[in-house]
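Participant: Protein chains in written order, with our numbering: chain A, 1 to 203; chain B, 204 to 406.
(1) Is there a C-beta anywhere in chain E that falls below 7 Å from the one on residue 129 (chain A)?
(2) Kindly list the residues whose CB is nearer than 6 Å to the CB of residue 230 (chain B), restricted to its own chain and excluding five residues on each side of it in sequence; keep chain order.
(3) What are the residues in the segment 306 to 332 of chain B lying within 7 Å of chain A by C-beta distance?
(4) Counting only Cβ pairs nearer than 7 Å, list the residues of chain A close to residue 351 (chain B).
(5) Can you give me the C-alpha to C-alpha distance between residue 395 (chain B) and residue 150 (chain A), rounded to a whole angstrom?
(6) Would you say residue 275 (chain B) faces chain A, with C-beta separation under 7 Å as the test?
(7) Where residue 136 (chain A) and residue 129 (chain A) are concerned, what is the direct C-alpha to C-alpha distance, given to the nearest angstrom?
(8) Does chain B have any CB closer than 7 Å to the CB of residue 144 (chain A)?
(9) Identify which residue in B:399, B:296, B:313, B:401 has its Cα closest to the Cα of residue 360 (chain B).
(10) Residue 350 (chain B) bridges to which residues according to DSSP?
(11) Which value, in whole angstroms, describes the spacing of the CA atoms of residue 289 (chain B) and residue 329 (chain B)?
(12) What are the uninterrupted segments assigned as alpha helix (DSSP H) that are 4 or more residues long and contained completely in the segment 275 to 309 of chain B, given in chain order?
(13) So, for residue 69 (chain A): in the same chain, excluding its five sequence neighbours on each side, which residues have a beta-carbon less than 6 Å away from its beta-carbon?
(14) What distance in whole Å lies between the Cβ atoms of residue 403 (chain B) and residue 351 (chain B), which are believed to be in contact at a cut-off of 8 Å?
(15) Note the first and the last residue of the continuous alpha helix (DSSP H) segment covering residue 15 (chain A).
(16) Residue 31 (chain A): buried (16+ other C-beta within 10 angstroms of its C-beta) or exposed?
(17) Listed from N- to C-terminal order along the chain, which residues in the segment 362 to 380 of chain B have their beta-carbon within a distance smaller than 7 Å of any beta-carbon of chain A?
(18) In chain order, what residues of the same chain lie with their CB nearer than 6 Å to the CB of residue 348 (chain B), ignoring the 5 residues before and after it?
(19) Alpha carbon to alpha carbon, how far is residue 50 (chain A) from residue 37 (chain A)? Give it in angstroms, no decimals.
(20) If you check the beta carbons only, do residue 242 (chain A) and residue 169 (chain A) fall under 7 Å apart?
(21) Runs of 4 residues minimum, wholly inside the segment 150 to 203 of chain A: which ones carry the alpha helix (DSSP H) assignment?
(22) So, at 7 Å on beta carbons, what are the nonlocal neighbours of residue 367 (chain B) in its own chain, with the 5 sequence-adjacent residues on each side left out?
(23) For residue 42 (chain A) and residue 335 (chain B), which I take to be in contact (beta-carbon distance under 8 Å), what is that distance rounded to the nearest angstrom?
(24) Among the candidates A:47, A:52, A:182, whose CA atom is the shortest distance from the CA of residue 141 (chain A)?
(25) Does the Cβ of residue 22 (chain A) have 16 or more other Cβ atoms within 10 Å, making it buried, or fewer, making it exposed?
This is the structure:
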C-alpha cells in the first residue's frame with residue numbers, strides 16, 4: 001500500500017490528519033505540485049486527472065478522492081470512529097462534512113485559485129469569480145461561528161472528519177487572504193481547541 | 204418523518220430515485236423554487252441556507268445534503284445496497300460518486316447557473332465562468348465514456364448511488380445546453396440501460 005501525497009495542499013492534508021488520528025502509518029511518496037510532478041506521465045498512470053492524494057493498494061487498485069480514502073481506512077480500522085457510530089450520527093457527520101467541503105473548502109479554494117498570483121499560470125483566473133467565492137467563504141465562516149455556539153465540534157459533541165475538513169479549509173484561508181473576523185468568538189474557541197491536537201500540526 | 208423536495212432539480216431528484224430503488228416511501232412536501240418557497244421564513248427554519256432537499260425526523264432533527272439523507276436511509280434499510288458492501292467496494296463507490304458530483308454535476312450546474320437566462324435573476328452570473336464550467340463538463344463526459352468501456356455501471360459491475368448522481372447530472376445537461384457527443388458510444392449504452400429502470404422516470 002502506498003499513499004501519494006503532497007505537502008501544504010488542503011486535500012492531502014485531510015487524509016494525513018485522518019491517518020494520524022487513527023495512528024495508521026502508510027508508506028507515503030511526496031508529489032511536488034510546484035515541480036508539476038502531478039502532471040508527469042508516471043503519476044498520470046495512477047491518477048489520470050493528476051489529482052493528489054491517491055492510494056494504491058497491494059493489487060494495484062487505486063482509490064482517489066480524499067474522503068473515499070478516509071472512508072476506506074475508517075472501515076478497515078474503525079477506532080477512533082471519525083465518521084460516526086449510530087445511523088443518525090453518521091448522517092449528521094456526513095451532512096456537516098459535506099458542508100465544510102462544498103460550502104467552505106471549495107469557496108476558500110475558489111478564492112485562492114482565482115485571485116492568487118501564484119496560481120495565475122496554473123488556472124484560467126477570473127478575479128470576479130474569485131470575489132464571489134470570497135464572499136461565499138466569509139458567509140460560511142459567519143454561519144459556522146453561529147453553529148459552534150452550542151456545539152463543541154463541527155458536527156456535535158464529538159471530534160469527527162468534519163473537524164478535519166474545517167481545519168484544513170480554515171488554515172487555507174491564510175494563502176487565500178480571507179480573514180477570520182475577531183467577532184467570531186465561537187470559531188476562535190474551536191480553532192484554539194483543535195490546534196492543540198498533535199495531528200493538526202501535520203501539513 | 205417528512206422530506207422537503209422540489210421537482211426538476213437534480214439534487215432532490217437523487218434522493219427520490221434513491222428512495223424508489225429501495226422501495227421506501229416518505230411523506231414528501233413540495234417546495235417550489237420558482238415560487239421562491241425555499242426562501243420563505245417557515246422553510247428557512249428547517250433549512251437556514253434555503254437548500255432543498257431536507258429530511259425532518261420525528262423528533263425535529265433535520266438532515267440536509269442529499270448524500271447524507273441517502274446514507275441515512277442506506278444505514279436504516281441496507282437492501283438493495285447502493286453504497287457498496289465490502290470496504291473496497293464502498294471506497295470505490297464513494298470515489299466515483301464524488302467524481303460524478305464534484306466533476307460532473309457541479310460543472311453542469313455551474314454551466315446552467317452562469318449561462319441560463321432563467322437564472323439571471325437568481326445568480327450573479329459570470330458567463331466566462333459558465334464557459335469554463337461547460338468545458339469541464341464536456342471533459343468529464345469524455346472521461347466517463349472511457350471509464351464505461353469496461354464497466355457496466357459507473358462504479359463497476361453493480362448499480363450504485365454513483366449511477367443515480369450521474370443520471371441526474373446527465374439529464375441536467377439538457378437545460379444547461381451541454382450536448383453529449385454521438386461518439387460517446389459507451390456513455391449512450393449506459394444511458395439506454397439506466398433509462399429502463401422505473402426509478403429513472405422520477406423528476
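Heads up, the beta-carbon is just placed ideally off N, CA and C, and yes, glycines get one too.
Facilitator: Reading from the atomic positions:
(1) The displayed structure is made up of protein chains A and B, and chain E is not among them.
(2) 205
(3) 327, 329, 331, 332
(4) Under the 7 Å cutoff, chain A gives no residues; its nearest Cβ is about 14 Å from residue 351 (chain B).
(5) 49 Å
(6) yes
(7) 11 Å
(8) no
(9) B:296
(10) DSSP output for residue 350 (chain B) lists no bridge partner at all.
(11) 43 Å
(12) 290 to 302
(13) 15, 55, 63
(14) In fact, because the Cβ distance is near 16 Å, the residues do not count as touching under 8 Å.
(15) 10 to 21
(16) buried
(17) none
(18) 387, 389, 390
(19) 9 Å
(20) For chain A, the structure presents residues 1 to 203; residue 242 (chain A) sits outside this window and is missing.
(21) 161 to 171, 185 to 195
(22) 217, 220, 221
(23) Between residue 335 (chain B) and residue 42 (chain A) the Cβ distance is about 28 Å, and since that is not below 8 Å, they are no contact.
(24) A:182
(25) buried
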